[in-house]
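As they're listed, the protein sequences go chains A and B. Using the working numbering, the first residue of the first sequence is number 1, and each one after it goes up by one. Using the working numbering, the first residue of the second sequence is number 117, and each one after it goes up by one. For glycine and all other residues, C-beta sits at the position ideal for the given N, C-alpha and C. A quick note: this is a predicted structure, and the numbers were derived from the prediction, not measured.
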Amino acid sequence: KAGVTQTPRYLIKTRGQQVTLSCSPISGHRSVSWYQQTPGQGLQFLFEYFSETQRNKGNFPGRFSGRQFSNSRSEMNVSTLELGDSALYLCASSLAIGASGAYEQYFGPGTRLTVT
Amino acid sequence: AQSVTQLGSHVSVSEGALVLLRCNYSSSVPPYLFWYVQYPNQGLQLLLKYTSAATLVKGINGFEAEFKKSETSFHLTKPSAHMSDAAEYFCAVTSFTGGGNKLTFGTGTQLKVEL
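Structure, rendered in structure tokens:
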């Protein structure tokens with residue numbers, strides 16, 4: 001089975017621009033989560049989607065948004081980029097969600113975003 | 117709110133020596149705990165998970181972890197380190213909020229393996 005794929009792998013943008021990152025989950029996985037990883041703040045949860053609905057959102061400004069399509073693929077968008085948005089953005093997919101069990105999350109290779 | 121604390125941001129061991137990476141959790145409900153490994157320029161790879169079935173959990177690459185409720189710990193061990201184990205390791209706890217599944221990570225431990 002193919003793993004989680006993310007495109008693009010590397011991206012360089014200028015302050016004020018916007019960017020869209022894409023994530024394709026493992027086949028059959030309906031949950032997609034996004035995380036931001038920086039040296040200073042570590043791994044931080046951005047948001048999670050299940051069946052095209054956002055079910056959780058982390059403590060990030062409204063410039064960070066996402067969506068999920070009917071095929072479970074997900075995109076995240078960052079508008080009005082700031083230097084501090086430079087990070088590795090990781091997408092993770094999971095088979096299911098809920099209190100009935102802890103379904104592990106499988107991560108993609110990430111998109112390295114550099115804002116200049 | 118659930119959280120994890122990883123003691124030691126850097127750990128160095130000799131090849132063949134025991135690896136011990138520490139993780140303590142804080143949770144108001146029985147936790148689900150995970151260890152992930154990250155190699156340079158890669159995403160996170162799941163090593164093992166604890167979901168209350170057994171307190172000693174075996175994972176990939178010879179790693180295992182023991183859940184100790186009395187100590188609120190979930191330390192990761194490997195009997196004999198290999199050069200290929202050099203990487204960053206993250207402990208994580210999952211919380212079910214809003215009907216969803218969110219991972220909260222520790223700050224990571226960089227493992228160095230020396231000859």
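Residue-level contact to chain A via CB, residue 185(B), 8 Å cutoff | no
For residue 39(A), which residues in chain B fall below 7 Å Cβ to Cβ?
-> Neighbours of residue 39(A) on chain B: none; closest Cβ ~10 Å, over 7 Å.
Where does residue 180(B) fall in DSSP's three states?
-> strand
Residue 78(A) to residue 6(A) span [Cα, whole Å] = 16 Å
Which residues of chain A have a Cβ atom closer than 8 Å to the Cβ of residue 225(B), listed in chain order?
-> Result: empty, since nearest Cβ-Cβ is about 12 Å, beyond 8 Å.
Scan the segment 65 to 76 of chain A for residues whose Cβ lies nearer than 9 Å to a Cβ of chain B and list them as they occur along the chain.
-> none
Cα separation between residue 99(A) and residue 167(B)?
-> In this predicted model, residue 99(A) has a pLDDT of only 48, less than 50, meaning its place in the structure is not dependable enough to derive any value.
Any idea if residue 62(A) is buried or exposed, counting beta-carbon neighbours within 10 angstroms, 16 or more meaning buried?
-> exposed
Quick one, which of 34(A), 105(A), 46(A) has its alpha-carbon nearest residue 209(B)'s?
-> Out of 34(A), 105(A), 46(A), the CA that lies nearest to the CA of residue 209(B) is found in 105(A).
Tell me which same chain residues have a C-beta within less than 7 Å of the C-beta of residue 220(B), skipping the five on either side of it?
-> 118, 119, 120, 208, 209, 211
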